[in-house]
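Residue numbers (the numbering used here), protein chains in the order written: chain R, 1 to 309; chain C, 1 to 225. Cβ atoms here follow ideal geometry from the backbone N, Cα and C, with glycine treated the same way.
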Amino acid sequence: MCGIVGLFLKDTSLEPKLGQMLTDMLITMTDRGPDSAGIAIYGTEHKGKVKLTVQSDHPDRDFEGLDKDMHNALGGDVTVRVKDTHAVIEIDTAWAAAGRTVLADLRPDVRIMSTGDSLEIYKEVGLPKNVAARFDISSMTGSHGIGHTRMATESAVTTMGAHPFNTGRDQCLVHNGSLSNHASLRRKLRKAGMHIETENDTEVGAAYLTWKMQNGATLGQALESSLDDLDGFFTFVVGTKDGFGVVRDPIACKPAVMAETDQYVAFGSEYRALVNLPGIEHARVWEPEPSTVYFWSHNSAPTATEKAA
Amino acid sequence: MQTFDLEAQGLRNLNAALQSQSKDTNQTAWEIVNAKGSHAIAVGLDAPIEVTVKGSTGYYCAGMNKQATVRVHGSAGPGVAENMMSGMVIIDGDASQYAGATANGGTLVIKGNASSRCGISMKGVDIVVHGNVGHMSAFMAQSGNLVVCGDAGDALGDSIYEARLFVRGSVKSLGADCIEKEMRPEHIEILKDLLERGECDAKPEEFKRYGSARKLYNFDIDNAY
Numbered sequence: 001m002c003g004i005v006g007l008f009l010k011d012t013s014l015e016p017k018l019g020q021m022l023t024d025m026l027i028t029m030t031d032r033g034p035d036s037a038g039i040a041i042y043g044t045e046h047k048g049k050v051k052l053t054v055q056s057d058h059p060d061r062d063f064e065g066l067d068k069d070m071h072n073a074l075g076g077d078v079t080v081r082v083k084d085t086h087a088v089i090e091i092d093t094a095w096a097a098a099g100r101t102v103l104a105d106l107r108p109d110v111r112i113m114s115t116g117d118s119l120e121i122y123k124e125v126g127l128p129k130n131v132a133a134r135f136d137i138s139s140m141t142g143s144h145g146i147g148h149t150r151m152a153t154e155s156a157v158t159t160m161g162a163h164p165f166n167t168g169r170d171q172c173l174v175h176n177g178s179l180s181n182h183a184s185l186r187r188k189l190r191k192a193g194m195h196i197e198t199e200n201d202t203e204v205g206a207a208y209l210t211w212k213m214q215n216g217a218t219l220g221q222a223l224e225s226s227l228d229d230l231d232g233f234f235t236f237v238v239g240t241k242d243g244f245g246v247v248r249d250p251i252a253c254k255p256a257v258m259a260e261t262d263q264y265v266a267f268g269s270e271y272r273a274l275v276n277l278p279g280i281e282h283a284r285v286w287e288p289e290p291s292t293v294y295f296w297s298h299n300s301a302p303t304a305t306e307k308a309a
Numbered sequence: 001m002q003t004f005d006l007e008a009q010g011l012r013n014l015n016a017a018l019q020s021q022s023k024d025t026n027q028t029a030w031e032i033v034n035a036k037g038s039h040a041i042a043v044g045l046d047a048p049i050e051v052t053v054k055g056s057t058g059y060y061c062a063g064m065n066k067q068a069t070v071r072v073h074g075s076a077g078p079g080v081a082e083n084m085m086s087g088m089v090i091i092d093g094d095a096s097q098y099a100g101a102t103a104n105g106g107t108l109v110i111k112g113n114a115s116s117r118c119g120i121s122m123k124g125v126d127i128v129v130h131g132n133v134g135h136m137s138a139f140m141a142q143s144g145n146l147v148v149c150g151d152a153g154d155a156l157g158d159s160i161y162e163a164r165l166f167v168r169g170s171v172k173s174l175g176a177d178c179i180e181k182e183m184r185p186e187h188i189e190i191l192k193d194l195l196e197r198g199e200c201d202a203k204p205e206e207f208k209r210y211g212s213a214r215k216l217y218n219f220d221i222d223n224a225y
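Structure follows, in structure tokens:
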């Protein structure tokens, strides 16, 4: 099973409510998967800064003095905002790579959930309502976001096995389904130099998309080629800095419902997830077609990355 | 008219109330409000009652229906009218995947589009879809009629045994052992009746008929239409 939700706001007046709306949608999907839950929010961006959202099983120990330690190692402004087991570290964009290296040295047990200008990913083992409450997702503002509640089939129930997966800067992926060729594809991608952390099938899907894009594909092209190269069942929802996309495998047995109004585009594994959205009774509601890449962008003049999608 | 607030009174109470109606009940009209996409609404009914659902439904609405008429004022989630035995189910909006799966009898009318695998393994049901149907519709269909007023997706009637498929629009591709067949006068008559029951004003002459080439299974002449 697994449950997925996504919400892309066209009406900026709804942005303060994004976290609340997404949380409500995800909690409705709880019976599709009680193992772990996660939410990716595209929120406030600070010019010239990049955010590393990180997780630790020992937040008191690992996040204590982390801003000073990273400042001493990097030599510039570092802010650390702690939220339960997660922390959002903001550093100068130029130090994105250096920051990761320094962090691995200073705090080897800290895991990176996401890297992005506006993206923050929060995920933990547990029910959506508990996970959302720990990170106070309901209070979060943002332009768009995606969420996932997991019923694990292919790998262990752990924080790192939870979705969304960060696939590249400001990119993330959630998945309902199971990939059957993830073992061979993981070997292939690791040989090609991709870093894959877990034995989870979805992480391989995420790494595949990143690898494609690193080799010149747009997100749309990467999603299209995933239809040829990934074997198994999948409904994917992907987030980028400017928008979000949906693709289903050719068999399309994993459910998907979409709704669009002048105010938003919404995705749910089931219609139940959408029933409390404003104006849903007059929304255009439909099922995304199999083997078809859908994409919405905030940019009135989309970049090549989004356009091809 | 009995009105049932699903949100306030709960699914088990709803289905228990509907399932306990006898064939000569005087509570013949039911309206369900606050459906909100819930699963398994009005399943296992076995009385000549009329149930109207206000709003869209989740998985398996009107599953295993006998005798009852269930109308959904909205769209239906996966598996609507699955294994229906008799009666009638009408969806005003769209239906998700495997509508009418394995249904033995009765009539399923979908006023909008049906998604993939509509009528999969159908065993005698009549299905009338006003719009289009998705891929793998009537997969392994064994008996009954599927009427599609719009277009059919890929692999229509794949591995079909015996069932009549009538399509007015285009067929993206036919599945294994499914072929176009001659539309004879008796088929026009059958289709006319189906369209009438399906509240559809399309003309029978506009349809093509598809069915089994009977190469894939051990054909018994007694099964033939």
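Task: Inter-residue spacing [alpha-carbon to alpha-carbon] between glutamine 9 of chain C and methionine 258 of chain R - done: Mapped onto the second sequence, residue 9 of chain C falls at position 9. Mapped onto the first sequence, residue 258 of chain R falls at position 258. One C-alpha to the other measures close to 28 Å.
- [ ] Determine which residues of the stretch 58 to 85 of chain C have a Cβ less than 7 Å from any Cβ of chain R, and write them out in chain order.
- [x] Gly58, Ser75, Gly77 and Pro78
Open item on the list: If you follow the beta strand (DSSP E) that methionine 88 of chain C is in, where does it begin and where does it stop?
Closed with: To locate residue 88 of chain C, count along the second sequence from 1; it is residue 88. Its beta strand (DSSP E) spans residues 88 to 91.
Task: Any chain R beta carbon closer than 9 Å to histidine 135 of chain C - done: By 1-based counting over the second sequence, the position of residue 135 of chain C is 135. So yes, histidine 135 of chain C belongs to the interface.
Open item on the list: Would proline 255 of chain R pass as an interface residue toward chain C - the criterion being a Cβ-Cβ separation below 9 Å?
Closed with: If you number the first sequence from 1, residue 255 of chain R lands on position 255. Judged by the 9 Å Cβ criterion, proline 255 of chain R is in contact with chain C.
Open item on the list: Against chain R, which members of the stretch 151 to 173 of chain C pass a CB distance test of less than 8 Å?
Closed with: none
- [ ] Take the Cβ of alanine 76 of chain C as the centre, count every other Cβ of all protein chains shown within 10 Å, and call the residue buried at 16 or more, exposed below.
- [x] Translated into positions along the second sequence, residue 76 of chain C becomes position 76. Buried is the call here.
Open item on the list: Taking CB distances under 9 Å as the criterion, tell me whether leucine 26 of chain R reaches chain C.
Closed with: For this step, residue 26 of chain R is matched to residue 26 along the first sequence. No - not a single Cβ of chain C is within 9 Å of the one on leucine 26 of chain R.
Task: Neighbourhood of methionine 140 of chain R by C-beta distance below 7 Å, restricted to the same chain and skipping five residues each side - done: Taking the first sequence and counting its residues from 1, the one referred to as residue 140 of chain R is at position 140. Leu18, Gly19, Ile41 and Gly43, listed in sequence order.
Open item on the list: By the three-class DSSP mapping on this structure, what secondary structure does methionine 258 of chain R have?
Closed with: As a first step, residue 258 of chain R is located in the first sequence; it is residue number 258 there, counting from the start. If DSSP states are grouped into helix, strand and coil, methionine 258 of chain R belongs with the strands.
Open item on the list: So valine 238 of chain R and glycine 245 of chain R are supposed to be a Cβ contact under 8 Å. How far apart are they, rounded?
Closed with: Along the first sequence, one-based indexing puts residue 238 of chain R at 238. Along the first sequence, one-based indexing puts residue 245 of chain R at 245. Right, their Cβ atoms sit about 5 Å apart.
TODO: For glutamine 21 of chain C, count neighbouring Cβ atoms within 10 angstroms of its own Cβ and tell me buried if that reaches 16, exposed if not.
DONE: As a position in the second sequence, residue 21 of chain C is number 21, starting the count at 1. Looking at its Cβ environment, which holds 16 or more other Cβ atoms inside 10 Å, glutamine 21 of chain C is buried.
Open item on the list: Buried or exposed, going by whether 16 or more other CB atoms sit within 10 Å of the CB of histidine 130 of chain C?
Closed with: Taking the first residue of the second sequence as position 1, residue 130 of chain C is located at position 130. It is buried - the Cβ of histidine 130 of chain C has at least 16 other Cβ atoms within 10 Å.
Task: Limits of the unbroken beta strand (DSSP E) element including glutamine 142 of chain C - done: Residue 142 of chain C sits at position 142 when you count from the first residue of the second sequence. Element bounds for glutamine 142 of chain C: n/a, residue is neither H nor E.
TODO: Look at the alpha carbon of aspartate 77 of chain R and the alpha carbon of threonine 115 of chain R, and state the distance between them as a whole number of angstroms.
DONE: In the first sequence, residue 77 of chain R corresponds to position 77, counting from 1. In the first sequence, residue 115 of chain R corresponds to position 115, counting from 1. Distance between the alpha carbons of aspartate 77 of chain R and threonine 115 of chain R: 17 Å.
- [ ] Look at methionine 21 of chain R and glycine 268 of chain R and say whether their C-beta atoms are less than 9 Å apart.
- [x] The residue given as residue 21 of chain R occupies position 21 in the first sequence. The residue given as residue 268 of chain R occupies position 268 in the first sequence. No, the pair does not count as a contact, with Cβ atoms beyond the cut-off.
Task: Counted within 10 angstroms of its Cβ, other Cβ atoms place glutamate 203 of chain R as buried (16 or more) or exposed - done: Counting from one through the first sequence, the residue named residue 203 of chain R turns up at place 203. By the neighbour-count rule (16 or more Cβ atoms within 10 Å), glutamate 203 of chain R is buried.
Open item on the list: By the DSSP assignment, the beta strand (DSSP E) with methionine 113 of chain R in it spans what residues?
Closed with: Taking the first sequence and counting its residues from 1, the one referred to as residue 113 of chain R is at position 113. Counting along the chain, the beta strand (DSSP E) containing methionine 113 of chain R begins and ends at 111 to 116.
- [ ] Starting from the beta carbon of glycine 37 of chain C, find every residue of chain D whose beta carbon is closer than 7 Å, and list them in chain order.
- [x] Absence of chain D from the displayed structure is noted, the protein chains being R and C.
TODO: Go ahead and pull the three-state DSSP assignment for alanine 29 of chain C.
DONE: Position 29 of the second sequence holds residue 29 of chain C. Correct three-state label for alanine 29 of chain C: strand.
Open item on the list: Tell me the DSSP secondary structure of glutamine 9 of chain C in three-state form.
Closed with: By one-based count along the second sequence, residue 9 of chain C stands at place 9. Residue state, collapsed to three classes: helix.
Open item on the list: I need the straight-line Cα distance from glycine 177 of chain R to glutamate 189 of chain C, nearest angstrom please.
Closed with: Counted from its first residue, the first sequence places residue 177 of chain R at position 177. Counted from its first residue, the second sequence places residue 189 of chain C at position 189. If I take the Cα positions, the gap works out to 44 Å.
Task: Cβ neighbour criterion (16 or more within 10 Å) applied to lysine 123 of chain R - done: Taking the first sequence and counting its residues from 1, the one referred to as residue 123 of chain R is at position 123. Buried, because 16 or more other Cβ atoms sit within 10 Å of the Cβ of lysine 123 of chain R.
- [ ] Less than 8 Å between the CB atoms is what I'm expecting for arginine 164 of chain C and cysteine 149 of chain C, so what's the real figure, rounded?
- [x] In the second sequence, the residue the question calls residue 164 of chain C occupies position 164. In the second sequence, the residue the question calls residue 149 of chain C occupies position 149. That belief does not hold up - the Cβ atoms of arginine 164 of chain C and cysteine 149 of chain C are roughly 15 Å apart, past 8 Å.
Open item on the list: What are the residues in the stretch 287 to 299 of chain R lying within 7 Å of chain C by C-beta distance?
Closed with: Glu287 and Pro290
TODO: State the Cα-Cα distance for the pair threonine 305 of chain R and isoleucine 4 of chain R, rounded to the nearest angstrom.
DONE: Position 305 of the first sequence holds residue 305 of chain R. Position 4 of the first sequence holds residue 4 of chain R. Any reading at threonine 305 of chain R needs caution, since the residue's pLDDT is 39, under 50, leaving its predicted position unreliable; the model's value is listed next. When rounded, the distance between both Cα atoms is 24 Å.
Task: Span of the alpha helix (DSSP H), counted from its first residue to its last, around threonine 202 of chain R - done: For the purposes of this step, residue 202 of chain R is taken as the residue at position 202 of the first sequence. Note, threonine 202 of chain R: alpha helix (DSSP H), 201 to 214.
- [ ] Please determine, among C/Ile49, C/Glu7, C/Leu45 and C/Cys118, the residue with the shortest C-alpha to C-alpha distance to glycine 229 of chain C.
- [x] Only positions 1 to 225 of chain C appear in this structure, which leaves residue 229 of chain C out of reach.
Open item on the list: Using a 10 Å radius around the Cβ and a threshold of 16 neighbouring Cβ atoms, would you call glutamine 171 of chain R buried or exposed?
Closed with: Locating residue 171 of chain R in the first sequence gives position 171, where the first residue counts as 1. Classification of glutamine 171 of chain R: buried, given that the 10 Å Cβ count is 16 or more.
Open item on the list: Here's the rule I'm using: 16 or more other beta-carbon atoms within 10 Å means buried, otherwise exposed. How should glutamine 214 of chain R be labelled?
Closed with: Taking the first residue of the first sequence as 1, we reach residue 214 of chain R at position 214. The residue is exposed, with fewer than 16 neighbouring Cβ atoms inside 10 Å.
Open item on the list: Can you look up alanine 98 of chain R in the DSSP assignment and give me helix, strand or coil?
Closed with: Walking along the first sequence from the start, residue 98 of chain R turns up at place 98. In this structure, alanine 98 of chain R counts as helix in the three-state DSSP scheme.
Task: Cβ shell of alanine 101 of chain C (< 8 Å), same chain only, five flanking positions each side left out - done: On the second sequence, position 101 is the one that residue 101 of chain C refers to. Only Gly79, Glu82, Asn83, Arg117, Gly119, Ile120, Ser121 and Met122 meet the Cβ criterion.
Task: Which residues DSSP lists as bridging aspartate 126 of chain C, in chain order - done: The sequence position of residue 126 of chain C within the second sequence is 126, counting from 1. Answer is C/Thr107 and C/Asn145, bridged to aspartate 126 of chain C.
- [ ] Could you tell me which residues DSSP puts in a beta bridge with glutamate 90 of chain R?
- [x] Sequence index remark: in the first sequence, residue 90 of chain R carries index 90 (1-based). Glutamate 90 of chain R pairs with R/Lys51 and R/Thr79.
Task: Under 7 Å by beta carbon: chain R residues contacting serine 115 of chain C - done: In the second sequence, the residue the question calls residue 115 of chain C occupies position 115. Those are Glu287, listed as they occur along chain R.
Open item on the list: Using a Cβ-Cβ cutoff of 9 Å, what residues of the stretch 230 to 258 of chain R are near chain C? List them in chain order.
Closed with: Pro250, Ile251, Ala252, Cys253, Pro255 and Val257
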